[in-house]
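Undergrad: Residue numbers (our numbering): 36 to 203.
Here you go, one structure.
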């Protein structure tokens, strides 16, 4: 991701939005909006790193990077192939999608994920990703034929920071 201002979203359990907003303000980040299950703000890489490192109420931090209108799979593919996938995916890195759908013509989550995966690989010019690399996860929310696409910047759930499976 380039160091430009982007919309960022902290995913929190319902009811913890105010707690997360307070934590963000303590870090010097001004929350833009609170919605059920999360808090939105604008920031650069610095704010993204701060949020991933210090937020205690959030489970993930997402970077919102695209909004597409699509009512069929060919349109979805055509629009998705033009997205800046290279800002979030290293060469040879696989991609994974978590999709939710409500009130849209496209409701088959697996097919949407498959279409987006093909579009990302075609845009990146990599037909076969390296299975040894961890996948970059993207979260998509289809609502009324509009797909809001976000890159997961956290990887593992944030509550597992510093978690050790073995102690010696």
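Glycine included, C-beta positions come from ideal geometry on N, C-alpha and C.
1) Kindly indicate which three-state DSSP category residue 83 falls into: helix, strand or coil?
2) Use the C-beta contact count for residue 51: other C-beta atoms within 10 angstroms, 16 or more gives buried, fewer gives exposed.
3) Just to confirm the assignment, what range does the alpha helix (DSSP H) spanning residue 54 have?
4) Assuming residue 43 and residue 82 are in contact, meaning their beta carbons sit under 8 Å apart, how far apart are those beta carbons, in whole angstroms?
5) Measuring straight from C-alpha to C-alpha, what distance separates residue 163 and residue 128?
6) With distances taken from CA atoms, which of 190, 193, 173, 189 is nearest residue 100?
7) Out of 63, 109, 108, point me to the one whose CA is closest to residue 89's CA.
8) Between which two residues does the beta strand (DSSP E) containing residue 43 stretch?
9) Look up residue 64 in the DSSP assignment and give the residues it is bridged to.
10) Which whole-angstrom value is the C-beta distance of residue 132 and residue 148, which I expect to be below 8 Å?
TA: So, from the listed chains and residues:
1) Helix.
2) Result: buried.
3) Annotation for residue 54: the continuous alpha helix (DSSP H) segment containing it runs 52–61.
4) About 7 Å separates the beta carbons of residue 43 and residue 82, which is inside the 8 Å limit, making them a contact pair.
5) Distance between the alpha carbons of residue 163 and residue 128: 9 Å.
6) Residue nearest to residue 100 within the set 190, 193, 173, 189 is 173 (criterion: CA-CA distance).
7) Closest option to residue 89, Cα to Cα, is 63.
8) 41–46 is the extent of the beta strand (DSSP E) around residue 43.
9) Answer is none; residue 64 lacks a bridge partner.
10) Confirmed, Cβ separation roughly 4 Å.
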